[in-house]
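Visitor: Residue numbers (my numbering): 1 to 276. Before we start, here is the structure in question, set down as structure tokens.
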């Protein structure tokens, strides 16, 4: 009944009304806040990564070398999406983010900030993650002559955009490539998303709570497919990529995705350790 009702509202172009009337989300259809329902959320100190549970990463390569990373998991018992931590900064090249994901600092190449160092004490002990992102990450940058995703692949990190492992663009690519599809996926996952009480997860939640649409211009309301580009944009977009890819995998039968294999030296490390 739920899926049929949702599809009916969608076909009528009233999906926002579905969230208001069926899911009783009083913020549904807000013309100011992109994810006003996130305002009802808070961080939860009980949220942890459970060894053996699916572990994901989401990346928004951004522009001008800005980048946002999110680590997430799924609760095997409840099916909830757990936002474990996140990181963002502006300036370093893709190789820098690769060392944070792998938890292996590269001496002398650049200076790590405190957040990066904190995260690497945790990511060094994590199992391999399945990473999702934007197809723009495969575009070459003028500054380096290489793409963000190619540099990450050199570090053994494979980011799945909107293509299958065979390189074909999926039929559900609109879920990922366009904001409308990503927003719909995020609205579906948000009610069952929980946020850890970590610095990165708090920032992800803040970004979702504060993300706004562009303001009205005169008597014409700007189309809601145009969120403002501000400090919330990168974490918000990374979360949307995560939700859209998870939804896409589910809708097309959960096709298997390529994953990197850590060097053997990681195999003897202790289990996941949560940063204090």
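Where is the CB? At the ideal position from N, CA and C, for every residue including glycine. Just so you know, these numbers come straight off a predicted model, no measurement behind them.
#1: Return yes when the Cβ of residue 121 is within less than 9 Å of the Cβ of residue 103, no when it is not.
#2: Let me know if residue 240 comes out buried or exposed under the rule of 16 or more other beta-carbons within 10 Å of its beta-carbon.
#3: When the Cα atoms are used, what is the spatial distance from residue 126 to residue 160?
#4: Determine the burial state of residue 133: buried for a count of at least 16 other Cβ atoms within 10 Å of its Cβ, exposed for fewer.
#5: For residue 47, which of 66, 158, 201 and 213 has the nearest alpha-carbon?
#6: Please classify residue 117 as buried or exposed, where buried requires at least 16 neighbouring CB atoms within 10 angstroms.
#7: So residue 105 and residue 86 are supposed to be a Cβ contact under 8 Å. How far apart are they, rounded?
#8: Do the region 8-24 and the region 83-100 touch if we need at least three Cβ pairs shorter than 8 Å?
#9: Where does the unbroken alpha helix (DSSP H) through residue 100 begin, and where does it stop?
#10: Under a Cβ-count criterion, where at least 16 other Cβ atoms within 10 Å of its own Cβ denotes burial, should residue 1 be classed as buried or exposed?
#11: Run through the DSSP bridge pairs and tell me what residue 159 is partnered with.
#12: If you reduce the DSSP assignment to three classes, tell me which class residue 33 lands in.
#13: Does the Cβ of residue 43 lie closer than 8 Å to at least one heavy atom of the ligand SAM?
#14: If we ignore side chains and look at the alpha-carbon of each, how far apart do residue 264 and residue 250 end up?
#15: Which word fits residue 5, buried or exposed, when buried means at least 16 other C-beta atoms lie within 10 angstroms of its C-beta?
#16: Can you check which of these residues, 83, 50 and 56, is closest to residue 303 by C-alpha distance?
#17: Counting along the chain, where does the beta strand (DSSP E) carrying residue 90 start and finish?
#18: Would you tell me roughly how many angstroms separate the C-alpha atoms of residue 92 and residue 53, rounded to the nearest one?
#19: Anyone know if the C-beta pair for residue 101 and residue 123 falls short of 9 Å?
#20: Taking only the alpha-carbon atoms, compute the straight-line gap between residue 74 and residue 55 and give it to the nearest angstrom.
#21: Compare the beta carbon distance of residue 232 and residue 211 with 9 Å and say whether it is the shorter of the two.
#22: Mapping DSSP to helix, strand and coil, what is residue 44?
#23: Residue 60 and residue 237: beta carbons closer than 9 Å?
#24: Is the CB-CB distance between residue 244 and residue 196 below 9 Å?
Guide: Checking against the coordinates, here is how it stands:
#1: Against the chain shown, residue 103 aligns to sequence position 103. Against the chain shown, residue 121 aligns to sequence position 121. The beta carbons of residue 103 and residue 121 sit closer together than 9 Å.
#2: Within the chain shown, the letter at position 240 stands for residue 240. With at least 16 other beta carbons inside 10 angstroms of its own, residue 240 counts as buried.
#3: Stepping through the chain shown from its first residue, residue 126 is reached at position 126. Stepping through the chain shown from its first residue, residue 160 is reached at position 160. Computed Cα separation, rounded: 19 Å.
#4: As a first step, residue 133 is located in the chain shown; it is residue number 133 there, counting from the start. So residue 133 counts as buried.
#5: Position 47 of the chain shown, counted from the start, is the residue given in the question as residue 47. Among 66, 158, 201 and 213, the Cα nearest to that of residue 47 belongs to 201.
#6: For this step, residue 117 is matched to residue 117 along the chain shown. By the neighbour-count rule (16 or more Cβ atoms within 10 Å), residue 117 is not buried but exposed.
#7: Your numbering for residue 105 matches position 105 in the chain shown. Your numbering for residue 86 matches position 86 in the chain shown. Not a contact, Cβ separation roughly 19 Å.
#8: Touching, no, given that fewer than three Cβ pairs across the two stretches are closer than 8 Å.
#9: Counted from its first residue, the chain shown places residue 100 at position 100. Secondary structure note for residue 100: its alpha helix (DSSP H) is the uninterrupted segment 94-102.
#10: As a first step, residue 1 must be located in the chain shown, where it is residue number 1. Exposed.
#11: As a working note, residue 159 is residue 159 in the chain shown. Under DSSP, residue 159 shares a beta bridge with 131.
#12: In the chain shown, the residue the question calls residue 33 occupies position 33. It is a strand residue.
#13: For the ligand SAM, the structure offers nothing, since it holds no ligand at all.
#14: Taking the chain shown and counting its residues from 1, one reaches residue 264 at position 264. Taking the chain shown and counting its residues from 1, one reaches residue 250 at position 250. The predicted position of residue 264 is uncertain, since its pLDDT is 37 and thus under 50; no value can be drawn from it.
#15: As a first step, residue 5 must be located in the chain shown, where it is residue number 5. Label assigned to residue 5: exposed.
#16: The question about residue 303 has no answer here: the residues shown for the chain are numbered 1 through 276.
#17: The residue labelled residue 90 in the question sits at position 90 within the chain shown. Taken as a continuous stretch (DSSP letters only), the beta strand (DSSP E) holding residue 90 covers 81-90.
#18: The residue given as residue 92 occupies position 92 in the chain shown. The residue given as residue 53 occupies position 53 in the chain shown. Roughly 31 Å separates the two Cα atoms.
#19: On the chain shown, position 101 is the one that residue 101 refers to. On the chain shown, position 123 is the one that residue 123 refers to. It is a contact, given that the beta carbons lie within the stated cut-off.
#20: On the chain shown, position 74 is the one that residue 74 refers to. On the chain shown, position 55 is the one that residue 55 refers to. Take the alpha-carbon of residue 74 and the one of residue 55: they are about 7 Å apart.
#21: Within the chain shown, numbered from 1, the residue matching residue 232 stands at position 232. Within the chain shown, numbered from 1, the residue matching residue 211 stands at position 211. In contact: residue 232 and residue 211 (Cβ atoms closer than 9 Å).
#22: Along the chain shown, one-based indexing puts residue 44 at 44. Residue 44 falls in the strand class under three-state DSSP.
#23: Counting from one through the chain shown, the residue named residue 60 turns up at place 60. Counting from one through the chain shown, the residue named residue 237 turns up at place 237. Contact: yes.
#24: The sequence position of residue 244 within the chain shown is 244, counting from 1. The sequence position of residue 196 within the chain shown is 196, counting from 1. No, the Cβ-Cβ distance between residue 244 and residue 196 is not below 9 Å.
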